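Chains as they are written, first to last, in my numbering: chain X, 284 to 668; chain A, 28 to 188. Built from N, CA and C at the ideal position, the CB exists for glycine as well. Predicted model, so just to flag it, every value in this text is computed and none were measured. Here is the structure we will look at, set down as structure tokens.
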């Protein structure tokens with residue numbers, strides 16, 4: 284029998300369609316069909332200036348907008364050959380790690396709902412809301428932050444922002460223990476996830492899986508360690524791995540990652556200097572400070588030129604990879620020397636990870652398909668772009 | 028972008044290895060912002076891919092991404108970029124292929140890296156690059172009955188079609 288699952292199925296986390304060929308209750312063949320959320324973001328980027336395109340990156344992976352901002356900004360900075368000041372780099376690290384926690388919280392909650400544990404969702408969304416409030420406090424926006432800009436941050440963070448973060452990380456570890464109390468030893472949870480959706484290390488590498496999917500199969504690869512960006516080499520954290528390669532291992536990896544992220548945020552809180560520039564100094568590329576714009580004629584000219592026609596990086600191509608909550612987010616930017624990117628490509632981790640779905644669920648029961656979709660942690664906005 | 032002269036090339040061990048393996052395969056080497064791009068000829072792509080993935084001292088076992096840049100109206104029009112990654116050696120390499128607009132066919136690398144399956148479908152869908160030897164070359168993001176390839180530079184971005 285052929286069963287059509289989605290694109291409006293609640294457990295597909297968006298608009299994913301899976302064509303299932305069944306033999307009784309056993310899945311013989313699973314074929315993901317995507318593209319329902321294709322909005323042509325890469326094409327639109329070609330029509331915008333480098334800075335304008337940042338707002339589009341928020342909307343790719345809408346559960347981790349700051350990670351996308353970071354990947355894109357780092358790519359353009361690489362193209363320009365500039366670097367954000369240390370203070371901005373530490374704030375970037377702190378915020379992207381909070382993003383990772385918030386994204387994993389949504390994942391734990393919705394995955395638990397898919398498998399019948401309703402209450403976890405209500406708790407994880409309570410904590411996610413706290414993180415969203417921090418984002419709103421700092422950037423003015425809950426989700427579509429666009430807070431990272433080429434060369435640094437959009438604006439000076441408001442006074443007291445570090446206290447907000449501190450308050451969150453003081454309460455969060457106990458909350459995390461609560462979720463683990465609800466799930467880690469839960470017999471139904473174990474029954475639904477243990478041994479389900481197995482992916483071997485060889486298959487994971489061959490299929491290009493990255494992030495928690497790869498690490499739960501025993502491959503300790505993390506871009507933050509392998510190719511440190513934004514001063515990640517100054518932070519002390521470990522890369523959690525598991526060897527079982529099943530849904531439960533991926534759950535364990537993600538929970539452990541939240542604890543590691545907390546460690547990084549705590550270190551960042553100590554590192555972030557109270558004062559200092561929040562964006563790089565690069566005349567003609569980075570807009571001057573408000574003070575300079577008001578008092579010097581060069582400042583005013585640069586301000587006007589940067590906000591009307593943008594800046595033009597040298598012709599060339601760069602590929603910048605970061606570790607987003609879902610895996611390797613790669614941003615490829617090709618410049619032809621004009622003020623608009625000639626081509627932008629987002630190597631979306633969800634898109635590639637989704638490719639492993641048939642491997643995960645073929646030969647298993649139809650009920651496991653839901654567990655397998657949940658465990659790949661896809662965001663359809665990112666799959667289709 | 029800096030074109031690396033043949034006498035400088037030996038500094039990069041990966042390029043040196045490739046040269047030693049087959050001097051004909053490497054058409055050009057580019058360096059930009061610390062990233063190395065090796066331009067290969069179409070007929071050598073599949074062999075070079077197998078060599079890079081299997082050679083014990085290189086181990087580019089992970090294919091991060093395949094993406095195309097359309098240089099319309101310059102010919103050869105398309106540039107297909109392969110972003111390779113060696114997980115344990117922590118090194119990246121970009122392979123580049125230049126393809127003419129009147130015959131955009133490229134050998135498929137799905138036999139070396141199975142992950143290329145969806146990447147190649149995406150490039151076929153959005154750029155119209157045909158991958159020879161691909162097991163299932165269909166559109167992936169656009170509807171099956173869509174006409175044209177949206178990411179091509181001569182594809183209209185405004186108005187009714």
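Strictly under 8 Å for the Cβ-Cβ distance: is residue i near chain X by that measure?
i	result
residue 92(A)	yes
residue 142(A)	yes
residue 62(A)	yes
residue 84(A)	no
residue 167(A)	yes
residue 59(A)	yes
residue 178(A)	yes
residue 79(A)	no
residue 161(A)	no
residue 88(A)	yes
residue 104(A)	no
residue 73(A)	no
Consult DSSP for residue i and reduce its assignment to one of helix, strand or coil.
i	result
residue 142(A)	coil
residue 632(X)	helix
residue 109(A)	strand
residue 150(A)	helix
residue 288(X)	strand
residue 610(X)	strand
residue 535(X)	helix
residue 155(A)	coil
residue 651(X)	helix
residue 314(X)	strand
residue 529(X)	coil
residue 44(A)	helix
residue 91(A)	strand
residue 452(X)	helix
residue 337(X)	helix
residue 75(A)	helix
residue 400(X)	coil
residue 171(A)	coil
residue 97(A)	strand
residue 134(A)	strand
residue 500(X)	coil
With a threshold of 16 other CB atoms inside 10 Å of the CB of residue i, please say whether the residue is buried or exposed.
i	result
residue 129(A)	exposed
residue 391(X)	buried
residue 101(A)	exposed
residue 405(X)	exposed
residue 541(X)	buried
residue 650(X)	exposed
residue 587(X)	exposed
residue 589(X)	buried
residue 511(X)	exposed
residue 291(X)	exposed
Once you ignore the five residues that flank residue i on each side, which residues in its own chain have a CB closer than 6 Å to its CB?
i	result
residue 458(X)	410
residue 518(X)	547 and 550
residue 657(X)	394 and 397
residue 166(A)	152
Is the beta carbon of residue i within less than 7 Å of some heavy atom of the ligand ZN?
i	result
residue 618(X)	In the structure on display, the ligand ZN does not appear, and there are no ligands present to speak of.
Rounded C-beta distance between residue i and residue j? I'm assuming under 8 Å.
i	j	result
residue 624(X)	residue 345(X)	Incorrect: roughly 21 Å between the Cβ atoms, too far for contact.
residue 522(X)	residue 354(X)	The pair is not a contact, with the Cβ atoms about 19 Å apart (cut-off 8 Å).
residue 456(X)	residue 545(X)	7 Å
residue 577(X)	residue 178(A)	Their Cβ separation, rounded to whole angstroms, is 42 Å, which puts residue 577(X) and residue 178(A) out of contact at 8 Å.
residue 376(X)	residue 547(X)	7 Å
residue 133(A)	residue 143(A)	At roughly 11 Å, the Cβ-Cβ gap does not stay under 8 Å, so residue 133(A) and residue 143(A) are not in contact.
residue 602(X)	residue 110(A)	5 Å
residue 608(X)	residue 368(X)	With a Cβ gap of about 26 Å, residue 608(X) and residue 368(X) do not count as contacting.
In chain order, what residues of the same chain lie with their CB nearer than 7 Å to the CB of residue i, ignoring the 5 residues before and after it?
i	result
residue 302(X)	285, 287, 314 and 316
residue 420(X)	441, 444 and 447
residue 349(X)	378, 379, 382, 428, 430 and 431
With a cut-off of 8 Å, does the C-beta of residue i fall near any C-beta of chain A?
i	result
residue 665(X)	no
residue 498(X)	no
residue 563(X)	no
residue 542(X)	no
residue 594(X)	no
residue 600(X)	yes
residue 638(X)	yes
residue 628(X)	yes
residue 554(X)	no
residue 649(X)	no
residue 656(X)	no
residue 399(X)	no
residue 635(X)	yes
Leaving out the 5 sequence neighbours to the left and right, which residues in its chain are closer than 8 Å to residue i when beta-carbon positions are compared?
i	result
residue 86(A)	80, 113, 114, 115 and 116
residue 621(X)	595
residue 498(X)	504, 505, 522, 523, 524, 525 and 536
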